[in-house]
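If you read the sequence shown in this note's numbering, its first letter stands for residue 1, the second for the next number, and so on.
Working notes, beginning with the structure itself.
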Amino acid sequence: MTAAFATWNGRIAPVFDVTRHLHLVEREGTEIIRQNQVALRDETPAQLALALLGWKVQVLICGAISNPLRAMLEAYGIEVIPFVAGELGEVIEAWRQGSLLRQNRFAMPGCCRGIGRHGQGRYPQSKEATMFGFGRGGNRGAGGGQGAGGGRGAGGGGRMGGKKAAGPAGECLCPACGHR
Numbered sequence: 001m002t003a004a005f006a007t008w009n010g011r012i013a014p015v016f017d018v019t020r021h022l023h024l025v026e027r028e029g030t031e032i033i034r035q036n037q038v039a040l041r042d043e044t045p046a047q048l049a050l051a052l053l054g055w056k057v058q059v060l061i062c063g064a065i066s067n068p069l070r071a072m073l074e075a076y077g078i079e080v081i082p083f084v085a086g087e088l089g090e091v092i093e094a095w096r097q098g099s100l101l102r103q104n105r106f107a108m109p110g111c112c113r114g115i116g117r118h119g120q121g122r123y124p125q126s127k128e129a130t131m132f133g134f135g136r137g138g139n140r141g142a143g144g145g146q147g148a149g150g151g152r153g154a155g156g157g158g159r160m161g162g163k164k165a166a167g168p169a170g171e172c173l174c175p176a177c178g179h180r
């Protein structure tokens with residue numbers, strides 16, 4: 001599995017949309033087998049999404065991220081774990097051990113205070129991947145509480161059902177009139 005960590009000065013970058021550095025980490029099980037620093041330029045969101053796909057990134061761990069960019073990355077099948085803060089080495093180690101999402105100390109200050117408690121708090125989560133984000137699927141979290149997600153649902157892998165539908169290289173099909 002390959003994860004990209006948005007970085008700034010040895011820490012997780014506070015805002016992914018404007019970050020200029022990524023730290024790529026590949027692991028097998030809990031063993032880290034490869035790490036690499038990547039400098040970004042002025043990529044458009046679409047170029048950034050395609051670059052992450054080219055590096056075979058499956059998980060993006062970052063601070064804040066805009067909803068449109070997050071939706072684009074998720075449409076391409078990249079799991080986004082936002083609102084993470086902390087020293088890069090500590091965050092990587094917690095991710096390696098599988099404990100990142102269970103530790104409140106990695107939550108950005110003021111964000112999602114219910115981290116680590118499935119189905120509780122203001123933003124109940126339907127799966128660990130969205131613990132730092134919002135409830136998914138019809139604006140309902142797994143605990144039955146109201147989430148803040150856009151009701152995107154957890155299954156389809158893209159809008160209108162396609163794996164990359166309506167992504168940077170895809171088209172959107174209106175279900176009412178058939179317009180592309």
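The beta carbon of each residue, even a glycine, is placed where N, CA and C say it ideally should be.
Residue environment, residue i, which counts as buried when at least 16 other CB atoms sit within 10 Å
i: Gly39; result: Per the sequence shown, the amino acid found at residue 39 is Ala instead of Gly. The residue in question, Ala39, is exposed, as its Cβ has fewer than 16 Cβ neighbours within 10 Å.
i: Thr30; result: exposed
i: Glu74; result: buried
i: Val18; result: exposed
Other residues of its chain near residue i: CB distance less than 6 Å, five sequence neighbours each side excluded
i: Ile191; result: For the chain, the structure presents residues 1 to 180; residue 191 sits outside this window and is missing.
Cα-Cα separation between residue i and residue j, rounded to whole angstroms
i: Leu69; j: Gln47; result: 11 Å
i: Thr44; j: Met72; result: 12 Å
i: Arg27; j: Gly110; result: 31 Å
Beta-carbon gap between residue i and residue j smaller than 8 Å
i: Val84; j: Gly63; result: yes
i: Ile61; j: Ile12; result: yes
i: Tyr76; j: Ala51; result: no
i: Ala94; j: Leu100; result: yes
Spatial neighbours of residue i in its chain, beta-carbon cut-off 8 Å, leaving aside the 5 residues before and after
i: Trp55; result: Thr2, Ala4, Leu24 and Val38
i: Leu88; result: Phe5, Thr7, Gly10, Arg11, Ile12 and His23
i: Arg105; result: Gly86
Closer than 8 Å to chain C by CB, residue i
i: Val80; result: In the structure shown, chain C does not exist; there is a single protein chain.
Same chain, Cβ closer than 7 Å to residue i, neighbours up to 5 away in sequence not counted
i: Arg96; result: Arg27, Thr30 and Ile32
i: Arg20; result: Ala39 and Leu40
Checklist entry - Where in the region 29-58 do unbroken runs of the alpha helix (DSSP H), each at least 4 residues long, occur, reported from the N-terminal end onward? => result Correct list: 45-54.
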